[in-house]
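Chains as they are written, first to last, in full-length UniProt numbering: chain S, 1 to 601; chain W, 1 to 200.
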Amino acid sequence: MRKVLAAAFVTAAAAYAWPAVANDGLMNIIKDPKQWGIQTGDYANTRYSKLDEVNAGNVGKLQVAWTFSTGVLRGHEGGPLIIGDVMYVHTPFPNIVYALDLNNDGRIIWKYEPKQDPNVIPVMCCDTVNRGLAYSDGTIFLHQADTTLVALDAKTGAKKWSVVNGDPKKGETNTATVMPVKDKVIVGISGGEFGVRCHVTAYDTKTGKQVWRGYSIGPDSDILVDPEKTTDLGKPVGKDSSLKSWEGDQWKIGGGCTWGWYSYDPETNLVYYGSGNPSTWNPSQRPGDNKWSMTIWARDADTGMAKWVYQMTPHDEWDYDGVNEMILTDQKMDGKDRKLLTHFDRNGFGYTLDRVTGDLLVAEKFDPAVNWATKVDMDRSSPTFGRPQVVSKYSTAQQGEDVNTKGICPAALGTKDQQPAAFSPKTGLFYVPTNHVCMDYEPFRVSYTAGQPYVGATLSMYPAPNSHGGMGNFIAWDNTKGKIVWSLPEPFSVWSGALATAGDVVFYGTLEGYLKAVDSKTGKELYKFKTPSGIIGNVTTYEHKGKQYIAILSGVGGWAGIGLAAGLTDPNAGLGAVGGYAALSSYTNLGGQLTVFALPN
Amino acid sequence: MTNSARGWLVSGILPASARLSALVLGAVVSAALVLPTPSHAQDANTTAAKPTTEAKEKDDLGKYTLPDGDPTYNIAPDGTLDWYTYSGYRRYHAECHVCHGPDGMGSSYAPALADSLKTLTYAQFMEIVVNGKKNIGVGTADQVMPAFGENKNVMCYLDDIYVYLKARADGTLGRERPSKREDKTKAYTANENQCFGRPG
Chain S
1 MRKVLAAAFV TAAAAYAWPA VANDGLMNII KDPKQWGIQT GDYANTRYSK
51 LDEVNAGNVG KLQVAWTFST GVLRGHEGGP LIIGDVMYVH TPFPNIVYAL
101 DLNNDGRIIW KYEPKQDPNV IPVMCCDTVN RGLAYSDGTI FLHQADTTLV
151 ALDAKTGAKK WSVVNGDPKK GETNTATVMP VKDKVIVGIS GGEFGVRCHV
201 TAYDTKTGKQ VWRGYSIGPD SDILVDPEKT TDLGKPVGKD SSLKSWEGDQ
251 WKIGGGCTWG WYSYDPETNL VYYGSGNPST WNPSQRPGDN KWSMTIWARD
301 ADTGMAKWVY QMTPHDEWDY DGVNEMILTD QKMDGKDRKL LTHFDRNGFG
351 YTLDRVTGDL LVAEKFDPAV NWATKVDMDR SSPTFGRPQV VSKYSTAQQG
401 EDVNTKGICP AALGTKDQQP AAFSPKTGLF YVPTNHVCMD YEPFRVSYTA
451 GQPYVGATLS MYPAPNSHGG MGNFIAWDNT KGKIVWSLPE PFSVWSGALA
501 TAGDVVFYGT LEGYLKAVDS KTGKELYKFK TPSGIIGNVT TYEHKGKQYI
551 AILSGVGGWA GIGLAAGLTD PNAGLGAVGG YAALSSYTNL GGQLTVFALP
601 N
Chain W
1 MTNSARGWLV SGILPASARL SALVLGAVVS AALVLPTPSH AQDANTTAAK
51 PTTEAKEKDD LGKYTLPDGD PTYNIAPDGT LDWYTYSGYR RYHAECHVCH
101 GPDGMGSSYA PALADSLKTL TYAQFMEIVV NGKKNIGVGT ADQVMPAFGE
151 NKNVMCYLDD IYVYLKARAD GTLGRERPSK REDKTKAYTA NENQCFGRPG
């Protein structure tokens, strides 16, 4: 492993001229398709691999090469990292880390198990998932459930340093991975259902010292915006842009959490991510646009200062967190080369923006069932440019407190949750795991107690009516046109991150536990294998000793495991409609396993 | 699997009807259910309703109680649901369902309360909600429930949530949103405001 890394450094110095970059190692690992150095596949979050030994012609022959039990029975999100000859596997709470020797049938080189107070478990809304480890410069970063960020020696598992990012007693927890950028590691936080005011923090990778922290909500000095220079759809945001959009002190418990994925563009030196829902779920308790919740952020990696923002869902009324990944691509659009950012939001719109300026180019529904808004206003001369046109009968704010607003699509878990999409430069298409679920939503007044749930709405969810009856789709999307190219119906929400490869194959997992491979051009199913538990992890690929492997974590859970375990009821179908078909528990059970696939020798 | 009985927190905001003496009971209830088993999935079809034929009393809050003093649900012959059970439906789906799943059906994360309430007594239910509960062990799916004793959004509606889940457990109420219901009484509103410390 040492040799590989040393070689990587040499190449990096020759090929790139990033100024004073501390983690050329990671940059180079990312560029090497044999390794998988970052959860998102690359800084651009494309989840695309240049490996092509496994291809559309032979993927049907895929076999299980080896397996590994994590020893934990909970929702397993994220995926392993592969650095040189070592695979790093993480688990949900208690957040164990395993270093596995790929030269020795996955023998455990070291294991790290943090001691955490189990009282953090129930403070984690929707299961104790963890979306995986990060790596840079010989260090593995683990961001624990209790918000402790730990730097481990990648070779030995010895702790180098740790820092605490939040307080679980106030409802501050973590489920996300972190993103190393140069000499910093970018860290988010959860707690939107507990009235936490959330932030993004950069820590020094060598010492764990805090370098900057930008809140989603609050005074300009807290949220790191420049009233003159930070722009919103091309215009300066102005003074107190966040504070002016809240009433009273509600912003202090305003949410805007940062538990999603992060991307980074070395050219613009910007970090991109989305902020989550404003607290509470009862919109009547927080009049105003609630800025900058539900927002796409572009922040300078060195200072944290925001270059631009765009709020997708002002004054959220449905829990449509804006945290899903921002996928950075260079594509032709209307004949011009564009630097794009593509984002599939919980609110059901697929957005394409210019990632340098924050200009909005496309906003179209990526599930035809989406009905809470007719469209996003794309008229540049309109005072509501960029705002969704909310349909009154699906507006839980306009219908009011103690009223059950029915038939809203999508449900609170969104047309897509955190499960990341993939992009293939070969097809120019995005491959998106989606939910096809609608809801009734009744907001009511709640009081705030630190560290206690702060929700304020009753929800019931059901499969999208008048459709195929399933709760998910796996789609291919054209981001320049805003159009679905093909769509595969799935009985359950697709809660697994996709992988696209140069072999013209796209992989994803299903809640029943299948790993599926489909043709990247047509969506035709080429292979499936049922793993021991439902899949909410993300598909990974790597090459070892000249052979390509596909790896996936199984372990049902997450919000999908909570909402779908017993099946959903369809209020339109009447009593008794819930059968074995609808209940996920009829298909799978708790688990915690890594399954690794390869072609036969 | 281990169960630990803890001392209970003084909340001071329990509904007036809460029989505090009951809370000193240790929790000795196993919550081994994780994913609801398929046989429960057809809950609405298969539950053999055990009609509550005992005489119920209704107070001015709109709450029905059994002769032993436990709160209970009431569904009129025309399907009209009492206010407490309806309120419990709403509060359950705000405070509890993110772990215990829709309609008390359980999840990959927490047990199905529509099953648990088949055996849990009112007193045991109260003790667990107030103090929380832990099942921690090696090689198991750890389960931890927080103490809600200081959470007014839960404590002010303990009886509501209990009777809703009891109706679910008895098979009397299916997996639906209750439609016809009794009105909220003035006394209930006054009690609610008092519980939250809001001016009535």
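A virtual CB, placed ideally from N, CA and C, is assigned to each residue, including glycine.
Counting along the chain, the unbroken beta strand (DSSP E) around phenylalanine 430 of chain S starts and ends at 429–435.
For the C-beta of alanine 363 of chain S, not a single chain W residue is nearer than 9 Å; the gap to the nearest is close to 30 Å.
With its beta carbon less than 8 Å from one in chain S, arginine 90 of chain W belongs to the interface. Taken through DSSP and simplified to helix, strand or coil, histidine 97 of chain W comes out as helix. Using a Cβ distance threshold of 8 Å, alanine 517 of chain S and valine 59 of chain S count as a contacting pair. Put simply, the CB of valine 129 of chain W is far from chain S, with every gap to its CB atoms at 8 Å or more. With 16 or more other CB atoms across the displayed protein chains lying within 10 angstroms of its CB, aspartate 265 of chain S is buried.
The DSSP-derived three-state label of serine 190 of chain S is strand. Between tyrosine 88 of chain S and alanine 422 of chain S, the gap from beta carbon to beta carbon reaches 8 Å or more.
Neighbours of glutamate 442 of chain S in chain W, taken as residues whose beta carbon is under 8 Å from its own, are Arg90 in chain order. Residues of the segment 100–130 of chain S whose Cβ lies closer than 9 Å to any Cβ of chain W, in chain order: Pro118, Asn119, Val120, Ile121, Pro122, Val123, Cys125, Cys126, Asp127, Thr128. By the 16-neighbour rule on beta-carbons within 10 angstroms, glutamine 144 of chain S is buried. For proline 146 of chain W, the chain S residues whose Cβ falls inside 9 Å of its Cβ are Asn119, Ile121, Pro122, Val123, Gly451, Gln452, Pro453, in order along the chain.
Secondary structure at methionine 439 of chain S: strand, using DSSP grouped into helix, strand and coil. Under the DSSP assignment, asparagine 131 of chain W falls in the alpha helix (DSSP H) whose first and last residues are 122–131. Looking at the backbone, the Cα of glutamate 193 of chain S and that of histidine 100 of chain W are separated by about 16 Å.
With a threshold of 16 other beta carbon atoms within 10 Å, proline 383 of chain S falls short and is exposed. Rounded to whole angstroms, the separation of the alpha carbons of leucine 233 of chain S and serine 381 of chain S is 12 Å.
Here the C-alpha atom of glycine 248 of chain S lies approximately 11 Å from the C-alpha atom of glycine 254 of chain S. As summarised for the segment 168–243 of chain S, the continuous alpha helix (DSSP H) elements at least 4 residues long and confined to that stretch are 220–223, given in chain order. For the UniProt region "Disordered" (173–200) of chain W, the residues whose beta carbon sits under 9 Å from a beta carbon of chain S are, in order, Gly174, Arg175, Glu176, Arg177, Phe196, Gly197, Arg198.
Residue environment analysis places threonine 522 of chain S among the exposed positions, since fewer than 16 neighbouring C-beta atoms fall within 10 angstroms of its C-beta. Bounds of the beta strand (DSSP E) holding asparagine 473 of chain S are 472–478. Residue contact with chain S for tyrosine 109 of chain W: present (Cβ-Cβ distance below 8 Å to some residue of chain S). For tyrosine 84 of chain W, the enclosing alpha helix (DSSP H) has its first and last residue at 83–91. At a C-beta separation below 9 Å, methionine 312 of chain S has no neighbours in chain W, since its nearest C-beta there lies roughly 23 Å away. For lysine 152 of chain W, the closest alpha carbon among the candidates W:Glu182, W:Pro71, W:Gly62, W:Ala94 is that of W:Ala94.
Here the alpha carbons of lysine 206 of chain S and alanine 134 of chain S stand approximately 14 Å from one another.
For a Cβ distance threshold of 9 Å, nothing in chain S lies close to alanine 167 of chain W: the least Cβ distance comes to about 15 Å. In the DSSP annotation of this structure, phenylalanine 93 of chain S is not part of any alpha helix (DSSP H), being labelled neither H nor E.
For lysine 406 of chain S, no pairing in a beta bridge is given by DSSP. When Cβ-Cβ separations below 8 Å define contact, valine 163 of chain W makes no contact with chain S. Under the DSSP assignment, serine 116 of chain W falls in the alpha helix (DSSP H) whose first and last residues are 113–116. Note that the C-beta distance between histidine 76 of chain S and glycine 513 of chain S is not below 8 Å. Put simply, the CB of methionine 461 of chain S is near chain W, with a gap under 8 Å to one of its CB atoms. With distances taken between CA atoms, phenylalanine 141 of chain S lies nearest to S:Ala99 out of S:Gly57, S:Gly195, S:Ala99, S:Phe492.
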